[in-house]
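Visitor: So that we are looking at the same thing, I have put the structure below in structure tokens.
Chains as they are written, first to last, in our numbering: chain E, 64 to 337; chain A, 5 to 181; chain G, 1055 to 1410.
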């Protein structure tokens, strides 16, 4: 008999806590497949966040660390500084990454930590029952924006990929989604590229996955994807926001150096040249 | 004589009071005595006054903060005015008269003035008034052996040979003034 | 014998940590501990170690959490307000059974407080360094030599029991210089392996997880009970205190850290005046040296607790005394270092009160 589909080795044979129709399962599978294909499970340390994927430490087969809310990039930094030759990734949701953990997110990115960050953006706090997230859309109804997110008082959503792309640290930033087989394949490609970048020492790689939360959005999985396509994708356009390799650089450091070429103190090697 | 030294060295930031304290503390280290050096720290260090407490003793040292010094090195007028009343009876004050124009007496305290900054300028070793005052204090109150003091200067100021020479001249200026 | 050198307390702690095999330091600037970070920034690159200035104390302690989970000897350092920010991470470390060393060079509080020496974080260090049921080991050095010795030993204790260990110093001890003999350096490569570390399983063992989340109440209770058994072992084996002239003391002073230096001077001054005074100096604040203190109080008439705060350790002394002798308190706060004469006056007053 021919096996056409099986569980990746790096995904443990356990039942997850995710709701039916939740894209977390898809994305975690893509990460696990990547670990299998690059043969890095034994060398990988993952960092789980606080949020729906809080228990990802029980799902991934690699060594795992559970971080405090928002602190996964700092924890990942600590691990990577001890084991620069191992593979380290953080897996975070929008409240964790873009609200309470924004400082850790920005600074790990600008330091150019050679890690992978997978960002699940579903515009809502899932675990706590559907509160407004930093990425909730204008007028989006949540438990804590019952009349819709009023940007005049609750502020505007944050486009994290665009924000991080302004920094010199990141090597690769791409926004994907997993609402169709085609998009799942694209997402897989992005995730695999992010991990490959780390293996190759290219630098900090960030993959934002526009996602859904059928339970807290109060929709069927199909309707949720429809709502996502209709409302989220115009606000959070898919695509590559930074790719230093495609830009012709070997790594993020080279790209950063080219970006700040006009700053003398950043380029002592040019001293004396005119 | 009792060589226990409880010294306060005070001046403006940049006059080298903390550095002078390190030289004295290092002399104590060389003689294998109990030593403590405690700086004032905080915003006042930036351009304001800077002072330190140095104790050389044959007994374990309690608080490193010297509240009643038996020796005071005053590098400027505000420091002289502030710390003179704290000097213990029988104590000695050495002040740079180039920077402390108004010397005052205090009961039971010996006050010695020496134009340290001016002497340095004349000798072409500007900025070493702090070391001149150490020399002067030591001449009046030999709180450690001469070898230890010279050894300390070599350790603390000895990174650049030219600077060490100037420091040696300053110390001698003070000892002989 | 190793050479004596003159060093600031802050630098002595940093150097001793490196000699204990610490090659990873994550910090954030704050007075009066800055020399710890500055020393690490200067020295770590020379030995292939990590000095990283984090974006905040919160990030720094979580980097410590990560590096510790990864199996390294790791340290962070801060001063009072920064320790409040680190308290989250310290709780997580305790909950995940991760070792690590945290230095607190205390300054006056609450709030932004001041920057002068203080001991006002005694309660925070010994009772509630963060949320939840846990303790950390707290060393309270009193000299620059002890700052080096306990910064070194803290790593062994942390690894042995898999607990965070704090060095509770103060601005006076951190800033002052004294002669110190540094401990002999350990090569980190010679340290025992940590089979629990999350460093990549290499397909040679089941995956390791560093975690403090237990959603089943009974499981969490079991884990906490197991941890408290370990705390019991620490209490039995790690209590440290120094007794000074307590053999025949009527008045037993109890003081730690910088305040103990002043109290010791006061003991000598009181003895010169014919008062039989002595000093018990807790070196571990948790575990509190109950046995040594109880023994010293056994034949005393009264105790005087001297602290640079409004009266915190005094409560632990009262628990040990348990009503057998009066326990009084003398303290200065806000960054004021008490003068030996003030403490002497308090000893004389207490001695007069308890009489013959």
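For glycine and all other residues, C-beta sits at the position ideal for the given N, C-alpha and C. Values in this document were obtained by computation on a predicted structure and should not be read as measured data.
#1: Any idea what DSSP makes of residue 89 of chain A, helix, strand or coil?
#2: Quick one: complete beta strand (DSSP E) runs, 3+ long, within the region 1225–1305 of chain G?
#3: Find out if the Cβ-Cβ distance for the pair residue 1138 of chain G, residue 1161 of chain G is shorter than 8 Å.
#4: Taking DSSP's pairing of strands, which residues face residue 237 of chain E in a bridge?
#5: Please go through the same chain and pick out, in chain order, the residues whose beta-carbon is closer than 6 Å to the beta-carbon of residue 110 of chain A, but skip the five residues on each side of it.
#6: Residue 1393 of chain G: which of G/1271, G/1209, G/1156, G/1315 sits nearest, CA to CA?
#7: For residue 1218 of chain G, which of G/1284, G/1172, G/1227 has the nearest alpha-carbon?
#8: Contact criterion: CB-CB distance below 8 Å. Does residue 1246 of chain G meet it with respect to chain A?
#9: My output table needs one value for residue 151 of chain E: the three-state DSSP class, helix, strand or coil.
#10: Quick one: which residues of the region 134–150 of chain E get their C-beta closer than 7 Å to a C-beta of chain G? List them in chain order.
#11: Throw me the rounded Cβ distance for the residue 303 of chain E and residue 271 of chain E pair, which I believe falls under 8 Å.
#12: In chain A, which residues lie with their C-beta within 7 Å of the C-beta of residue 1394 of chain G?
#13: What does the alpha-carbon distance come out to for the pair residue 107 of chain E and residue 113 of chain E?
#14: Can the beta-carbon of residue 1116 of chain G be found closer than 8 Å to that of residue 137 of chain E?
#15: Are any of the Cβ atoms in chain E nearer than 8 Å to that of residue 1060 of chain G?
#16: Using the three-state DSSP reduction, which class does residue 246 of chain E fall into: helix, strand or coil?
#17: Using a Cβ-Cβ distance cut-off of 8 Å, determine whether residue 21 of chain A contacts chain G.
#18: So is residue 1154 of chain G in contact with chain E if we call contact Cβ pairs under 8 Å?
#19: Out of G/1103, G/1396, G/1144, G/1141, point me to the one whose CA is closest to residue 1126 of chain G's CA.
#20: Give me the Cα-Cα distance between residue 258 of chain E and residue 1280 of chain G, rounded to the nearest whole angstrom.
#21: Given that a residue counts as buried once 16 or more other Cβ atoms are within 10 Å of its Cβ, and exposed if not, what is residue 244 of chain E?
#22: Flag residue 1253 of chain G as yes if its beta-carbon sits less than 8 Å from any beta-carbon of chain E, otherwise no.
#23: What ranges does the beta strand (DSSP E) occupy inside the region 1350–1403 of chain G, keeping only unbroken runs of at least 3 residues that lie completely in it?
#24: Using a Cβ-Cβ cut-off of 8 Å, state whether residue 117 of chain E counts as contacting chain G.
#25: Grouping DSSP H, G and I as helix and E and B as strand, with all else coil, what is residue 85 of chain E?
#26: With residue 1365 of chain G and residue 1350 of chain G assumed to form a contact (beta carbons below 8 Å), what rounded beta-carbon distance in angstroms separates them?
#27: Would you call residue 1091 of chain G buried or exposed, if buried means 16 or more other Cβ atoms sit within 10 Å of its Cβ?
#28: Going by the CB atoms, is the gap between residue 1290 of chain G and residue 128 of chain E shorter than 8 Å?
#29: Which ranges would you report for the alpha helix (DSSP H) in the region 1096–1165 of chain G if only whole runs of at least 4 residues count?
#30: Rounded to the nearest angstrom, what separates residue 5 of chain A and residue 1211 of chain G at their Cα positions?
#31: Determine whether the Cβ of residue 61 of chain A lies closer than 8 Å to any Cβ atom of chain G.
#32: So, do the region 1402–1410 of chain G and the region 1303–1314 of chain G have three or more beta carbon pairs nearer to each other than 8 Å?
#33: Interface residues of chain E around residue 1110 of chain G at Cβ under 7 Å?
#34: Using the Cα positions of residue 173 of chain A and residue 127 of chain A, report the straight-line distance between them to the nearest angstrom.
#35: Taking a Cβ distance cut-off of 8 Å, strictly less, list which residues of the region 1123–1143 of chain G are near chain B, in chain order.
#36: Taking Cβ-Cβ distances shorter than 8 Å, what residues in chain G pair up with residue 105 of chain E?
Guide: Reading off the structure:
#1: helix
#2: 1231–1235, 1295–1298
#3: no
#4: E/270, E/303
#5: 88
#6: G/1315
#7: G/1284
#8: no
#9: strand
#10: 134, 137, 138, 139, 140, 141, 142, 144, 145, 146, 149
#11: Residue 303 of chain E to residue 271 of chain E, Cβ: 11 Å. No contact.
#12: 66, 67
#13: 20 Å
#14: yes
#15: no
#16: helix
#17: no
#18: no
#19: G/1103
#20: 38 Å
#21: exposed
#22: yes
#23: 1356–1361, 1381–1385
#24: yes
#25: coil
#26: Incorrect: roughly 20 Å between the Cβ atoms, too far for contact.
#27: buried
#28: no
#29: 1111–1123, 1134–1149
#30: Here residue 5 of chain A scores only 43 on pLDDT, less than 50, and its place in the model should not be relied on; the value that follows carries that caveat. Rounded to the nearest angstrom, the two C-alpha atoms are 46 Å apart.
#31: no
#32: yes
#33: 166
#34: 8 Å
#35: No chain B appears in the structure shown, which is made up of the protein chains E, A and G.
#36: 1254, 1255, 1256, 1257, 1258
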